[in-house]
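Chains as they are written, first to last, in this note's numbering: chain W, 1 to 154; chain V, 1001 to 1154. Beta carbons are placed, not taken as given, at the ideal position from N, Cα and C, and that holds for glycine.
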DNA sequence: ATTATTTCGGAAGATTCTTCCATGCCCAAT
DNA sequence: ATTGGGCATGGAAGAATCTTCCGAAATAAT
């Protein structure tokens, strides 16, 4: 654990991670410092990049993104150019939540959110296998989300 | 897309998803309604569960969670009790960000954040293979995070 | 056309933010 | 031991914001 964050900073990070809507006054009280100090410290957490952003977590089912799919991807060639082209193309697909280059049987792992299976099949046929350099994909439909996007523990 | 959200609600959701710290006044201006209306609508988005929470996104590398690993898990038996025991145990592991029951070659897929590979190896040996009913695991070290936790597009 | 219902924006008191400044603390140099 | 610089802190206060109330406008129902 980094030592440029003291006990108070860490507590603030954890509290803000679990509730980004905490007012400065509330947060100050929770970590037992003055509002002024709390404000300064919070600002630093943002300015120094400890907090990348604050995001409202939207319920996927409420906006027609209730289906989660993991997809393993294998590319034709393992050249830097091939990887590069794939990554650039993937970054434009707005249904891709995660895209990770991995070591193992696949080249990439994708985490995808769509409305339903029919949606996915359409997207798979038109957009996924059409990505540059894709040799094969393996689809893992998620049948139950046990833990989804848990907050970071530190 | 659900029709209980009008154009303004959707815009508010997108804006709050990308910046959960927008003040009510700013948001009102961006979606072109009065502060009072904006306040009411935002409240509804929370009350009716469209926004599950607002979360500060902490930079993993800054808190010693720079390593990302995907793990496929196969259980010994495919009984409801077996699944149940596994899920209950996994939910307690604070380094597990995602845990999904999937259809395919694995039973579960885990997304895990740790400090580094050594960290993972220790955790793998002591905590992962010790989970109830685990027959085998397959580890995919993430070598490059192309897209991580992208906001929902709707 | 009329009523009922809903949604809206203005206004204003209450709350909160944000900054300035003086104080206290720690540590190094004298 | 004392001094002085550097830094983090809390109090205070003006500015900004939130939150609620209320009457008006829009919409839907009769």
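- Around the CB of residue 1143/V, fewer than 16 other CB atoms lie within 10 Å, so the residue is classed as exposed.
- One finds nothing in chain W with a Cβ atom closer than 8 Å to the Cβ of residue 1067/V; even the nearest lies about 12 Å away.
- Three or more beta-carbon pairs separated by less than 8 Å link the segment 1017-1037 of chain V to the segment 42-61 of chain W, which places the two stretches in contact.
- The beta-carbon of residue 1101/V is placed less than 8 Å from the nearest beta-carbon of chain W.
- Residues 149 of the same chain have their beta carbon placed closer than 8 Å to that of residue 57/W, with the five preceding and five following residues left out of the count.
- A contact is defined here as three or more CB-CB pairs under 8 Å, and the segment 68-77 of chain W meets this definition with respect to the segment 1099-1119 of chain V.
- DSSP places residue 126/W in the helix class (H, G or I) of the three-state scheme.
- Any Cβ of chain V closer than 8 Å to the Cβ of residue 136/W would place that residue at the interface, and such an atom is absent.
- Every beta strand (DSSP E) of 3 residues or more that sits fully in the segment 37-101 of chain W is shown, in chain order, as 51-58 and 67-75.
- Between the segment 1073-1090 of chain V and the segment 1111-1123 of chain V there are fewer than three C-beta pairs closer than 8 Å, too few to call the two in contact.
- Chain V places a beta carbon closer than 8 Å to that of residue 87/W, counting this residue as a contact.
- Interface annotation, residue 127/W: not in contact with chain V, CB-CB separation never under 8 Å.
- Per DSSP, the unbroken alpha helix (DSSP H) holding residue 1031/V starts and ends at 1024-1031.
- Residue burial annotation: residue 1048/V is exposed, with fewer than 16 other C-beta atoms found within 10 angstroms of its C-beta.
- The alpha-carbon of residue 25/W is positioned some 40 Å away from that of residue 93/W.
- The continuous beta strand (DSSP E) containing residue 110/W extends over residues 108-114.
- Residue 51/W belongs to the set of residues whose beta carbon lies under 8 Å from a beta carbon in chain V.
- Proximity of residue 1104/V to chain W, defined by a Cβ-Cβ separation below 8 Å, is satisfied.
- Of the other Cβ atoms in all chains shown, fewer than 16 fall within 10 Å of the Cβ of residue 88/W; this residue is therefore exposed.
- Excluding residues up to 5 positions away in sequence, 106, 107, 135 and 136 lie with their Cβ nearer than 7 Å to the Cβ of residue 74/W in the same chain.
- Taking all protein chains in view, the Cβ of residue 1037/V is surrounded by fewer than 16 other Cβ atoms within 10 Å, so the residue is classified as exposed.
- When secondary structure is reduced to three states using DSSP, residue 1140/V falls in the strand class.
- Separation of residue 110/W and residue 1010/V (C-alpha to C-alpha, rounded to the nearest whole angstrom) is 26 Å.
- Relative to the Cα of residue 133/W, the nearest Cα in the group 63/W, 86/W and 33/W belongs to 86/W.
- Residue pairing by DSSP places residue 1147/V opposite 99/W in a beta bridge.
- Residue 1015/V is a Cβ neighbour of residue 1030/V, given a cutoff of 8 Å.
- For residue 1121/V, no Cβ of chain W is located within less than 8 Å of the residue's own Cβ.
- At a beta-carbon threshold of 8 Å, the residues of chain W lying near residue 1097/V are 147, 149, 150 and 152, ordered along the chain.
- Distance from the CA atom of residue 27/W to the CA atom of residue 1017/V, rounded to whole angstroms, is 22 Å.
- With respect to chain V, the C-beta atom of residue 59/W has a partner C-beta closer than 8 Å.
- In the DSSP assignment, residue 9/W falls within the unbroken alpha helix (DSSP H) covering 7-18.
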